[in-house]
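Student: Next up is a structure, given as structure tokens.
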Amino acid sequence: MAESVLHVENVTMQFGGVVAVNNLSMDIYEGEIVALIGPNGAGKTTAFNCITGVYEPTNGKVEFCGKTIVENHPQGKMKKLYAGDSKELYPHVVSHTPDYITKMGIARTFQNIRLFKSMTVFDNVLTAMHLRKTSNVFSATFRLNRKEELAQREKTLELLKIVGLDELKDELATSLPYGKQRRLEIARALATDPKLLLLDEPAAGMNPQETEELTAFIREIRAQFGLTIFLIEHHMNLVMDISDRIYVIDFGRQIAAGVPAEIQNDQRVIDAYLGVDEDG
Amino acid sequence: MQGLLPYVINGISAGGQYALIAIGYTLVYGILRLINFAHGDVFMVAGLIMVYASASLPMVLAIPLVLILTALLGFVIERAAYKPLRSAPRMSLMVSAIGVSYLIQNLAFYLTGGLPQPVTNPIPWVSDMITVFGAQTKRVTLVTPVLTILLVAVLVWLTKKTKIGMAMRAASKDFETAQLMGIKINSVISFTFVIGSFLAAVGALLYFTNYPNVAITSGGMPGLKAFVAAVFGGIGSIPGAVVGAFIIGLCEELIKGIGYSTFSDAFTFVILIVVLCVKPTGLFGEKATDKV
Amino acid sequence: MKKNNKRESIIIAVILLVVLAVAFYLDAKLPSYHIAIKVIKKAAVYSLVAVSMNLLNGFTGLFSLGQAGFMLLGAYAYAVLSIPVDKRAGVYQYFNGGIVKFSLPEVFSGILGQNVGSVVGMIVALMIGGLIAALVAYLIGLPVLRLKSDYLAIATLGFAEIVRAFFQWNALGPLTNGSNLLKSYPDLGGASSYLILIGLFIAIILLLVNSTYGRAFKAIRDDEIAAEAMGINLAHHKRLAFIISSFFAGVGGGMLAMYMGTVQALSFKSTMTYEILLIVVIGGIGSITGSVITSFLYIASLEWLLRGLDSGEFLGIQAPGLFKNGFRMAVVSVIIMCVVLFFRKGIMGDRELSDLLKSKKHTSKGGARNG
Numbered sequence: 408m409a410e411s412v413l414h415v416e417n418v419t420m421q422f423g424g425v426v427a428v429n430n431l432s433m434d435i436y437e438g439e440i441v442a443l444i445g446p447n448g449a450g451k452t453t454a455f456n457c458i459t460g461v462y463e464p465t466n467g468k469v470e471f472c473g474k475t476i477v478e479n480h481p482q483g484k485m486k487k488l489y490a491g492d493s494k495e496l497y498p499h500v501v502s503h504t505p506d507y508i509t510k511m512g513i514a515r516t517f518q519n520i521r522l523f524k525s526m527t528v529f530d531n532v533l534t535a536m537h538l539r540k541t542s543n544v545f546s547a548t549f550r551l552n553r554k555e556e557l558a559q560r561e562k563t564l565e566l567l568k569i570v571g572l573d574e575l576k577d578e579l580a581t582s583l584p585y586g587k588q589r590r591l592e593i594a595r596a597l598a599t600d601p602k603l604l605l606l607d608e609p610a611a612g613m614n615p616q617e618t619e620e621l622t623a624f625i626r627e628i629r630a631q632f633g634l635t636i637f638l639i640e641h642h643m644n645l646v647m648d649i650s651d652r653i654y655v656i657d658f659g660r661q662i663a664a665g666v667p668a669e670i671q672n673d674q675r676v677i678d679a680y681l682g683v684d685e686d687g
Numbered sequence: 040m041q042g043l044l045p046y047v048i049n050g051i052s053a054g055g056q057y058a059l060i061a062i063g064y065t066l067v068y069g070i071l072r073l074i075n076f077a078h079g080d081v082f083m084v085a086g087l088i089m090v091y092a093s094a095s096l097p098m099v100l101a102i103p104l105v106l107i108l109t110a111l112l113g114f115v116i117e118r119a120a121y122k123p124l125r126s127a128p129r130m131s132l133m134v135s136a137i138g139v140s141y142l143i144q145n146l147a148f149y150l151t152g153g154l155p156q157p158v159t160n161p162i163p164w165v166s167d168m169i170t171v172f173g174a175q176t177k178r179v180t181l182v183t184p185v186l187t188i189l190l191v192a193v194l195v196w197l198t199k200k201t202k203i204g205m206a207m208r209a210a211s212k213d214f215e216t217a218q219l220m221g222i223k224i225n226s227v228i229s230f231t232f233v234i235g236s237f238l239a240a241v242g243a244l245l246y247f248t249n250y251p252n253v254a255i256t257s258g259g260m261p262g263l264k265a266f267v268a269a270v271f272g273g274i275g276s277i278p279g280a281v282v283g284a285f286i287i288g289l290c291e292e293l294i295k296g297i298g299y300s301t302f303s304d305a306f307t308f309v310i311l312i313v314v315l316c317v318k319p320t321g322l323f324g325e326k327a328t329d330k331v
Numbered sequence: 024m025k026k027n028n029k030r031e032s033i034i035i036a037v038i039l040l041v042v043l044a045v046a047f048y049l050d051a052k053l054p055s056y057h058i059a060i061k062v063i064k065k066a067a068v069y070s071l072v073a074v075s076m077n078l079l080n081g082f083t084g085l086f087s088l089g090q091a092g093f094m095l096l097g098a099y100a101y102a103v104l105s106i107p108v109d110k111r112a113g114v115y116q117y118f119n120g121g122i123v124k125f126s127l128p129e130v131f132s133g134i135l136g137q138n139v140g141s142v143v144g145m146i147v148a149l150m151i152g153g154l155i156a157a158l159v160a161y162l163i164g165l166p167v168l169r170l171k172s173d174y175l176a177i178a179t180l181g182f183a184e185i186v187r188a189f190f191q192w193n194a195l196g197p198l199t200n201g202s203n204l205l206k207s208y209p210d211l212g213g214a215s216s217y218l219i220l221i222g223l224f225i226a227i228i229l230l231l232v233n234s235t236y237g238r239a240f241k242a243i244r245d246d247e248i249a250a251e252a253m254g255i256n257l258a259h260h261k262r263l264a265f266i267i268s269s270f271f272a273g274v275g276g277g278m279l280a281m282y283m284g285t286v287q288a289l290s291f292k293s294t295m296t297y298e299i300l301l302i303v304v305i306g307g308i309g310s311i312t313g314s315v316i317t318s319f320l321y322i323a324s325l326e327w328l329l330r331g332l333d334s335g336e337f338l339g340i341q342a343p344g345l346f347k348n349g350f351r352m353a354v355v356s357v358i359i360m361c362v363v364l365f366f367r368k369g370i371m372g373d374r375e376l377s378d379l380l381k382s383k384k385h386t387s388k389g390g391a392r393n394g
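Residue numbers (this note's numbering), protein chains in the order written: chain U, 408 to 687; chain B, 40 to 331; chain V, 24 to 394.
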């Protein structure tokens with residue numbers, strides 16, 4: 408078995424009395440493409456936010472390549488309100504800001520595209536390399552980091568060629584068509600040099616042809632950059648086509664996990680998506 | 040303690056005046072998320088109008104005229120300087136407010152010739168000297184907190200029970216949804232500015248009774264302090280603004296009382312920074328979160 | 024592209040040299056109290072302060088209104104450190120000559136000779152002013168930089184008011200002269216020396232803005248959440264921008280003190296911050312060129328071109344009833360409001376001089392944005 412890249416253990420995210428993610432445990436292994444699916448409001452993006460440090464989960468632990476990046480147990484007001492279990496298991500508190508987690512090697516894209524809107528395509532990608540710089544503010548201001556800057560610029564151009572945006576590099580990022588903006592977001596995430604890439608609904612708003620292109624593109628970058636990919640998606644064709652394994656959650660809880668063929672025939676998954684007739 | 044008593048009385052009075060200004064800030068912030076930097080200057084203009092009106096008109100006409108003209112000024116400012124920026128970023132709106140403040144001060148400078156206008160005809164009765172617990176003061180010191188509480192009670196009733204008040208609350212909860220629900224957002228906003236300016240005018244009438252003159256910069260400090268009071272109480276909350284204003288007023292007078300007059304203004308801002316850092320949403324404010 | 028860059032650089036260099044040559048010429052021909060020289064000096068100082076504010080408000084998206092406070096720190100530091108020793112008894116007449124018993128320009132004159140030494144001393148005093156402002160920015164930044172947009176604005180505005188009160192405190196009199204004037208300190212020289220020094224500072228800011236750190240600042244302005252997700256540490260970079268901006272505000276404050284000849288805490292009011300903010304906005308938020316051009320336009324109109332509006336005659340029109348004291352400022356503030364409301368991008372938008380010089384094809388970047 409390959410090494411576990413991302414290990415999520417009993418993660419619970421509770422906002423006041425609302426449990427958005429409930430006791431979620433997952434493992435993602437090196438080189439896999441894993442999908443997280445579930446009906447709207449199931450807690451998928453919240454799970455992403457817990458992993459990337461945007462939210463501090465109420466309870467649970469996340470490990471990345473064997474290192475604990477997030478760990479928490481209910482504190483303060485939450486001690487009383489907490490509705491989940493296994494809170495004794497996590498005595499430590501490990502909390503990092505999102506930028507630190509990105510530096511460790513987890514990059515992400517956003518459900519509602521968040522590009523740097525005043526910047527060109529080129530600068531969007533170049534800016535994402537800021538975290539790997541070795542210069543400080545003085546050496547950068549007085550151009551003592553020329554070598555590094557040039558290397559970053561070259562790498563940016565290379566990345567843009569790979570994603571097919573090199574001809575548009577001087578355009579404003581927000582002037583690109585929607586599908587290309589999504590690609591640019593992926594390129595920007597790749598520029599942070601990640602091991603694990605989290606994609607939050609990368610095919611949202613795409614037509615079938617664009618979705619197909621995206622599927623090929625995700626496979627391609629996995630091979631080229633040696634990535635592990637974890638994605639949230641609603642396009643079932645893409646999910647079933649691309650995923651090695653799938654986790655399904657509903658109301659924050661995992662209801663199924665397995666390879667695409669298993670998930671397609673899982674009664675609980677079908678119920679969650681189509682609804683169950685309570686009386687029947 | 041006896042020595043501090045006049046300061047306590049003055050503090051409560053100052054608190055009442057700040058409260059009347061602070062409500063204007065808090066109402067506007069609630070709906071537009073805008074620090075209306077021009078509000079302090081509206082307050083100053085009310086003082087100026089009073090000086091001019093009371094010089095040529097009988098008091099029974101002068102006072103309503105001040106209230107009406109100031110409310111009108113609030114309305115005009117909103118329509119001219121904030122309405123065109125409805126969809127602009129918040130920073131543009133704030134810059135516009137600063138621009139309006141700058142404009143009002145400069146226009147006032149031009150019209151008054153840059154000289155502080157002496158308050159020659161203070162409002163009778165409230166400006167009489169009285170003795171409270173052995174301390175000499177003007178009657179306005181006692182009238183202010185009472186009138187403030189009364190007006191706030193009316194305002195709270197207005198926002199809770201009337202249709203326009205409910206529309207105001209809806210708009211401050213969620214601007215866009217309120218609009219979709221058929222609330223005429225522009226008239227609600229105008230109404231908010233009218234109320235805010237009206238109360239500032241009342242505040243100005245009381246405030247300048249205690250002062251020998253109205254200068255073009257007279258609005259700046261009380262304005263800023265009232266804003267601090269609004270933040271302190273939790274911006275967007277009317278009771279919060281009132282409580283905050285009384286606390287600020289008292290603190291500032293007590294600082295004077297113990298002999299640090301230089302710091303009476305600065306102390307307000309120390310309170311501000313401490314409150315913002317400890318509880319950024321103020322005493323009664325609600326928490327807002329960004330969606331990722 | 025490369026070739027184009029070179030051509031732009033040459034044009035910009037020529038423009039700057041011409042400006043400098045004019046300044047040298049004016050310095051040589053006109054007396055130092057001539058209005059043209061005063062305007063250039065004051066406008067140069069305002070440029071620096073406006074650019075430093077733009078770095079924070081325009082490039083990093085932090086809405087700070089503490090500018091006057093940091094300027095005050097720099098102004099006082101410069102004045103206190105460079106008043107000649109034999110004049111201190113007169114300046115600090117109520118405080119026994121003050122507690123600072125040396126003057127940096129004099130100290131350096133002793134080492135490096137009269138002319139070079141006093142200039143070096145003045146520059147060192149300016150730098151110390153900047154560093155003090157930067158240090159205070161670091162300290163005040165720890166709590167306030169966690170605040171969001173308008174709360175940050177009001178907290179920094181409050182900070183500036185606190186500083187102002189603090190410097191007027193009598194107990195600090197031996198250092199700050201309480202609420203009295205500080206004066207008799209030396210001035211750097213004519214218009215050309217101001218332009219050279221300030222040009223240098225602005226060039227440094229320009230280099231910073233175009234470096235990897237500048238990109239990180241812009242990323243924070245555009246989208247904090249995305250910037251953080253791309254590995255940019257928000258707290259660190261915001262603090263950095265705040266400190267650097269305050270450093271230059273402090274230096275600018277020192278130079279303002281130099282230009283004015285006297286300094287008093289009373290004059291560093293929030294109105295001063297507003298004035299600078301409006302210059303930044305009119306020049307274009309995020310454009311250094313815009314801030315500089317607007318500073319010169321603003322100061323030149325206010326101090327010189329529109330003088331007549333206050334004194335009865337303007338453009339040959341005589342109307343003493345209308346053109347009286349204060350009319351000039353009223354007109355200027357109406358113009359400002361028009362720009363704020365109807366030309367929201369300001370004079371330059373977020374473009375720089377170099378963007379304007381690029382050929383049509385390349386300016387499509389700016390065009391697309393305005394469209």
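No residue lacks a Cβ here, since even glycine has one placed at the ideal position from N, Cα and C.
Is there at least one Cβ from chain V nearer than 8 angstroms to Arg675(U)'s Cβ?
Tutor: Indexing the first sequence from 1 puts residue 675(U) at position 268. It does not: the Cβ of Arg675(U) has no partner Cβ on chain V nearer than 8 angstroms.
Student: Kindly indicate which residue of Leu112(B), Ala92(B), Leu197(B), Ile88(B) has the alpha-carbon position closest to the one of Ala77(B).
Tutor: Position 38 of the second sequence, counting from 1, holds the residue named residue 77(B). Taking Ala77(B) as reference, the option from Leu112(B), Ala92(B), Leu197(B), Ile88(B) with the minimal CA-CA separation is Leu112(B).
Student: Alpha carbon to alpha carbon, how far is Gly254(V) from Asp600(U)? Give it in angstroms, no decimals.
Tutor: Here residue 600(U) refers to the residue found at position 193 when the first sequence is read from its first residue. Here residue 254(V) refers to the residue found at position 231 when the third sequence is read from its first residue. Cα to Cα, Asp600(U) sits roughly 11 angstroms from Gly254(V).
Student: Can you pull the DSSP bridge partners for His414(U)?
Tutor: Position 7 of the first sequence holds residue 414(U). His414(U) pairs with Asp434(U), Glu470(U).
Student: Mapping the DSSP letters down to three states, classify Phe323(B) as helix, strand or coil.
Tutor: Here residue 323(B) corresponds to residue number 284 of the second sequence, with the count starting at 1. Looking at Phe323(B) - three-state DSSP - the assignment turns out to be coil, as it is neither helix nor strand.
Student: On the premise that Gly279(B) lies in contact with Phe82(B), defined as a C-beta separation below 8 angstroms, what is that separation, rounded to the nearest angstrom?
Tutor: Residue numbering aside, residue 82(B) sits at position 43 when the second sequence is read from its first letter. Residue numbering aside, residue 279(B) sits at position 240 when the second sequence is read from its first letter. With 8 angstroms as the limit, Phe82(B) and Gly279(B) do not qualify as a contact, their Cβ atoms being about 20 angstroms apart.
Student: Taking Cβ to Cβ, would you say Arg595(U) is nearer than 8 angstroms to Ala535(U)?
Tutor: Reading the first sequence from its first residue, position 188 is the one you call residue 595(U). Reading the first sequence from its first residue, position 128 is the one you call residue 535(U). The answer is yes: Cβ separation under 8 angstroms.
Student: Measure the C-alpha to C-alpha separation of Gly366(U) and Ala623(U) and round it to an integer number of angstroms.
Tutor: Given that chain U is displayed from residue 408 to residue 687, the structure contains no residue 366(U) and the question cannot be resolved.
Student: According to DSSP, simplified to helix, strand and coil, what is Tyr654(U)?
Tutor: Counting from one through the first sequence, the residue named residue 654(U) turns up at place 247. If DSSP states are grouped into helix, strand and coil, Tyr654(U) belongs with the strands.
Student: Tell me where the beta strand (DSSP E) around Phe637(U) begins and ends.
Tutor: Locating residue 637(U) in the first sequence gives position 230, counting from the first residue. Per DSSP, Phe637(U) belongs to the beta strand (DSSP E) from 635-639.
Student: Check the Cβ-Cβ distances between Ser542(U) and every residue of chain V, and say whether any is below 8 angstroms.
Tutor: For the purposes of this step, residue 542(U) is identified with residue 135 of the first sequence, where counting begins at 1. Closer than 8 angstroms to some Cβ of chain V, the Cβ of Ser542(U) qualifies, so yes.
Student: Say whether chain B places a C-beta atom closer than 8 angstroms to the C-beta of Gly181(V).
Tutor: Residue mapping note: residue 181(V) aligns to position 158 of the third sequence, counting from 1. Using a Cβ-Cβ cut-off of 8 angstroms, Gly181(V) counts as an interface residue toward chain B, since at least one Cβ of chain B sits closer than that to its own.
Student: Does any CB atom of chain U fall closer than 8 angstroms to the CB of Gly212(V)?
Tutor: Counting from 1 along the third sequence, the entry for residue 212(V) is found at position 189. Not an interface residue.
Student: With distances taken from CA atoms, which of Gly120(V), Tyr101(V), Ala46(V), Ala100(V) is nearest Asp109(V)?
Tutor: Along the third sequence, one-based indexing puts residue 109(V) at 86. Among Gly120(V), Tyr101(V), Ala46(V), Ala100(V), the Cα nearest to that of Asp109(V) is on Gly120(V).
Student: Our contact map puts Phe114(B) next to Ser276(B) with C-beta atoms below 8 angstroms; I'd like the distance itself, whole angstroms only.
Tutor: Locating residue 114(B) in the second sequence gives position 75, where the first residue counts as 1. Locating residue 276(B) in the second sequence gives position 237, where the first residue counts as 1. Contact annotation, Phe114(B) with Ser276(B): C-beta distance approximately 24 angstroms; criterion of less than 8 angstroms not satisfied.
Student: Does the segment 124-140 of chain B come into contact with the segment 194-201 of chain B, if we say contact requires no fewer than three beta-carbon pairs (one atom in each stretch) closer than 8 angstroms?
Tutor: no
Student: Taking 8 angstroms as the CB-CB cut-off, is Cys290(B) touching chain A?
Tutor: The chain inventory of the structure shown lacks chain A, comprising the protein chains U, B and V.
Student: Using a Cβ-Cβ distance under 8 angstroms, would Met253(V) count as near chain U?
Tutor: In the third sequence, counting from the first residue as 1, residue 253(V) sits at position 230. So yes, Met253(V) belongs to the interface.
Student: Just the C-alpha distance for Arg111(V) and Ile122(V), rounded to the nearest angstrom, thanks.
Tutor: Start at 1 with the first residue of the third sequence, and residue 111(V) comes out as number 88. Start at 1 with the first residue of the third sequence, and residue 122(V) comes out as number 99. Near 10 angstroms, if we compare the C-alpha coordinates of Ile122(V) and Arg111(V).
Student: Looking at chain V, is there any beta carbon in it that lies within less than 8 angstroms of the beta carbon of Pro123(B)?
Tutor: Stepping through the second sequence from its first residue, residue 123(B) is reached at position 84. Closer than 8 angstroms to some Cβ of chain V, the Cβ of Pro123(B) qualifies, so yes.
Student: Name, going along the chain, the residues of the segment 42-59 of chain B whose beta-carbon falls closer than 8 angstroms to a beta-carbon of chain V.
Tutor: Result list empty, no residue passes.
Student: Quick check on this structure: which residue in Tyr48(V), His260(V), Gly201(V) has the alpha carbon closest to the alpha carbon of Leu85(V)?
Tutor: What you label residue 85(V) is simply residue 62 of the third sequence in a count that begins at 1. For the residues Tyr48(V), His260(V), Gly201(V), the minimum Cα distance to Leu85(V) belongs to His260(V).
Student: So does Ile169(B) have its beta carbon nearer than 7 angstroms to some heavy atom of the ligand FMN?
Tutor: Ligands displayed in this structure: none; no statement on the ligand FMN is therefore possible.
Student: Does the beta carbon of Thr231(B) sit closer than 8 angstroms to a beta carbon anywhere in chain V?
Tutor: On the second sequence, residue 231(B) is found 192 positions in, with the first residue counted as 1. Chain V contact via Cβ: absent.
Student: Considering only their Cβ atoms, is the gap separating Ile458(U) from Val528(U) smaller than 8 angstroms?
Tutor: On the first sequence, position 121 is the one that residue 528(U) refers to. On the first sequence, position 51 is the one that residue 458(U) refers to. No, Cβ-Cβ distance for Val528(U) and Ile458(U) is not below 8 angstroms.
Student: Could you give the uninterrupted runs of the beta strand (DSSP E) lying entirely in the segment 69-119 of chain B, keeping only those of 3 residues or more?
Tutor: none
Student: Does the segment 93-103 of chain V come into contact with the segment 273-280 of chain V, if we say contact requires no fewer than three beta-carbon pairs (one atom in each stretch) closer than 8 angstroms?
Tutor: Contact between the segment 93-103 of chain V and the segment 273-280 of chain V is present: 3 or more CB-CB pairs across the two stretches fall below 8 angstroms.
Student: Using a C-beta to C-beta distance shorter than 7 angstroms, which residues of chain U count as neighbours of Ser234(V)?
Tutor: As a position in the third sequence, residue 234(V) is number 211, starting the count at 1. Going along chain U in sequence order, the residues near Ser234(V) (Cβ under 7 angstroms) are Ala547, Thr548.
Student: Under the DSSP definition of a beta bridge, which residues are partnered with Ile440(U)?
Tutor: Mapped onto the first sequence, residue 440(U) falls at position 33. BP columns for Ile440(U) point to Ile636(U).
Student: Can you pull the chain U residues whose beta carbon is under 8 angstroms from the beta carbon of Val256(V), in chain order?
Tutor: Within the third sequence, residue 256(V) is the residue found at index 233, counting from 1. Contrary to the premise, residue 256(V) reads as Asn rather than Val in this sequence. Near Asn256(V) (Cβ distances below 8 angstroms), the residues of chain U are Thr504, Asp506, Tyr507.
Student: Whose Cβ in chain U lies nearer than 8 angstroms to the Cβ of Leu230(V)?
Tutor: Residue numbering aside, residue 230(V) sits at position 207 when the third sequence is read from its first letter. Under the 8 angstroms cutoff, chain U gives Thr548, Phe549, Arg550.
Student: Excluding sequence positions up to five away, which residues of its chain have a Cβ less than 6 angstroms from the Cβ of Phe148(B)?
Tutor: Locating residue 148(B) in the second sequence gives position 109, counting from the first residue. So the list reads Ile255, once near-sequence residues are dropped.
Student: Could one say the Cβ of Arg238(V) lies closer than 8 angstroms to chain U's Cβ atoms, at least one of them?
Tutor: Against the third sequence, residue 238(V) aligns to sequence position 215. True, the Cβ-Cβ gap to chain U drops below 8 angstroms.
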